[in-house]
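Take the sequence shown: its position 109, counted from the start at 1, is 110 in the working numbering, and no numbers get skipped.
Beta carbons: idealized from backbone N, C-alpha and C, even for Gly.
None of these values were measured; they are calculated from a predicted model.
What follows is a set of notes on a single structure, which appears directly below.
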Amino acid sequence: MKKKEILINHEQQEKRVAILEDGKLENYFVERPQDRTILGNIYKGRVETIVPSVGAAFVNVGMEKNGFLYLNDTLALAMEEEGVELKEGNGKRPENAPLKEGQELIVQITKEPFGTKGARLTTHISIPGRYLVLMPFEKHFGVSKKISDDAERQRLRAVLSGLKVPEHMGVIVRTVAWGATEKEVQRDFYLLLRLWERIEKASQKREAPFLIYEDYDLALRMLRDYFNEEIDSIWVDSKDEFKRVLRFVRSYMGRLSNIVKLYKEKTSLFEKKGIEQEIEKLYSNKVFLRSGAYVVIEPTEGLTVIDVNSGKFRKKNISQEQMAFSVNCESAREIARQLRLRDVGGIIVIDFIDMMEERHRRDLINVFKSALGNDRAKTDVLGISKLGLIQMTRERTHRTLESISYKDCPYCQAKGKVKSAFSIALVAMREMKTFVLNNKVRKITIEVHPEVAASLNNENFQALRGLCRRFGVRVEVKGNAAFHIEKVQIS
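As structure tokens, then:
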């Protein structure tokens, strides 16, 4: 059985979570306070405009851009009517109720703003817990299709039928409920019910628009969604974050709280686990494979193009067809992993090496779909053409990893990418910690590009000052206009 670990790196200005299988990076997530996801948040919104020609309404939820709500995705009437119905408890909800401009309703974010588009909204509210998803407005019950064992499905259905679900509500059993006890599932259900009661009360206190409910931050969200009995250890490198994670695990799976561990070593957690360099490679457009072949990943404005190359692949006594099939299969597995790690969404076109035999094309599709099976985002593979092209889509809900960490390059007129000043400031502080731990010094100088220096002296100032107090050192930040924006020099 594979050894699985969750690593949580907590900095004042950034949280990172990595999930490893046998030491290999399988999932990676980043969140910063200013970029915190709004996916899953629940708002009280006000309908600003209805556009029948596109079958949608634009709803003001208090953000810069109005959210986009399909008219056929509308379950709610005005908030006053909604409250009456829930109190009566008759179990009925108006389907596709006609909207009016100025009307107030509860909506949830299903897709974050992207480019010029506002957030995608729904009135089909769903609140995920540890083991269950509560749907306050839909009387629907079920068990995740990813729980394939028939005996376990039957057991969970029995647990589900034992819950006292209000007549007008529905519940879905999540994949992570596999193996959960009846008591744990019941506790999760009552926590979700109490949460929904708080959301309802909060929605009645003010006029729209405003945020009613904000989902967990990155660390707790990942534990809720990924933590199960297959996880061998959870490492946290911050004492305060460790206590918070431990409380969360104890509240849901107290019997497994002993696997939560505080990382205390001098070497940073991600470096100790050997994944810092692996993470850095995620920002490169070229991914090298063990065989010597490589994959090029090029995001464009409308889609992502991926090219497979044989590179230095060399095997004696092998035909061109066998070489192409071998490289393509290896590439397919790595591409599925890279899509997941980079959180690439939208339309994706993959140019595999041409293969003449139909059975090889069929086998490649099966290998690729199997590799995509570990992806929680929805994917749709449309098949492979005679030219070796695979067209597919992958659900886009968040900003990509690249868009969080990079900005358009000022050196090449936006034809390439460099890391943002904020990202390099975080790198500088990490290198500072390593430098101080390995050298007995009381004063150091951090020399960086002026934009990075400005970031260290402004939005990262409190974090930098905290490090100075923690290690008992004085730091001088110097800006050097001759430096590349990604260069950091510590002395």
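- Considering only G116, K16, R47, V160, the residue with the shortest C-alpha distance to A220 is K16.
- By a beta-carbon distance limit of 8 Å, G171 does not contact V108. Their separation comes to about 18 Å.
- In this structure, V449 sits near A429, with a CB-CB distance shorter than 8 Å.
- As the crow flies, the alpha-carbon of K488 is around 29 Å from that of T38.
- Taking a C-beta distance under 8 Å as the contact criterion, L161 and F138 do not qualify as a contact pair.
- Taking C-beta atoms as the reference points, T380 and R395 count as a pair closer than 8 Å.
- In this structure, F369 sits away from V350, with a CB-CB distance that is not shorter than 8 Å.
- No Cβ-Cβ contact shorter than 8 Å links T50 with E113.
- Secondary structure of T446 (DSSP, three-state): strand.
- In the DSSP annotation of this structure, Y295 is not part of any alpha helix (DSSP H); the continuous beta strand (DSSP E) holding it starts and ends at 295-300.
- Contact fails between the segment 248-257 and the segment 13-29, because fewer than three Cβ pairs, one in each stretch, are under 8 Å apart.
- In the DSSP assignment, the residues bridged to F30 are V18.
- Classified as exposed, E281 has fewer than 16 neighbouring CB atoms from the shown chains inside 10 Å of its CB.
- Annotation for F436: the continuous alpha helix (DSSP H) segment containing it runs 422-439.
- A Cβ-Cβ separation of about 20 Å leaves G347 out of contact with I366 under the 8 Å criterion.
- Residue environment analysis places E335 among the buried positions, since at least 16 neighbouring C-beta atoms fall within 10 angstroms of its C-beta.
- Taking the Cβ atoms as the reference, R338 lies roughly 16 Å from E403, outside the contact range of under 8 Å.
- Taking C-beta atoms as the reference points, L457 and E12 fail to come closer than 8 Å.
- As a beta-bridge residue in DSSP terms, Q490 pairs with E448.
- V144 is a Cβ neighbour of L157, given a cutoff of 8 Å.
- Rounded to whole angstroms, V48 and G63 show a C-alpha spacing of 12 Å.
- Taking the Cβ atoms as the reference, A203 lies roughly 14 Å from E105, outside the contact range of under 8 Å.
- For F353, the CB contacts under 6 Å within the same chain, skipping 5 residues up- and downstream, are V309, N329, G389 in chain order.
- Taking 4 residues as the shortest admissible run, the segment 216-273 contains the following complete alpha helix (DSSP H) segments, listed from N- to C-terminal end: 219-227, 240-254, 270-273.
- By the C-beta criterion, the segment 305-321 is judged not to be in contact with the segment 269-283, since fewer than 3 inter-stretch pairs fall below 8 Å.
- The three-state reading of DSSP puts H11 in strand, counting E and B together.
- Taking the Cα of T301 as reference, the smallest distance to any Cα among P34, N286, A294 is reached at N286.
- Under DSSP, the beta-bridge partners assigned to Y214 are I43.
- The beta carbon of E452 is closer than 7 Å to those of A422, I486 in its chain, skipping five residues each way along the sequence.
- Excluding the 5 residues flanking it on each side, K267 has same chain C-beta neighbours closer than 6 Å at L438, in chain order.
- Taking L133 as the centre and dropping the five residues before and after it, the same chain places the C-beta of V172, I173, V174, R175, A178, V186, D189, F190, L193 closer than 8 Å to its C-beta, in chain order.
- Across the set S252, I213, Y284, K262, the C-alpha of K262 shows the shortest separation from the C-alpha of I232.
- Between M357 and F326, the gap from beta carbon to beta carbon reaches 8 Å or more.
- With a 10 Å radius around the Cβ and a threshold of 16 neighbouring Cβ atoms, G467 comes out exposed.
- N458 sits in a helix when the DSSP states are folded into three classes.
- In the three-state DSSP reduction, A57 falls in the strand class (E or B).
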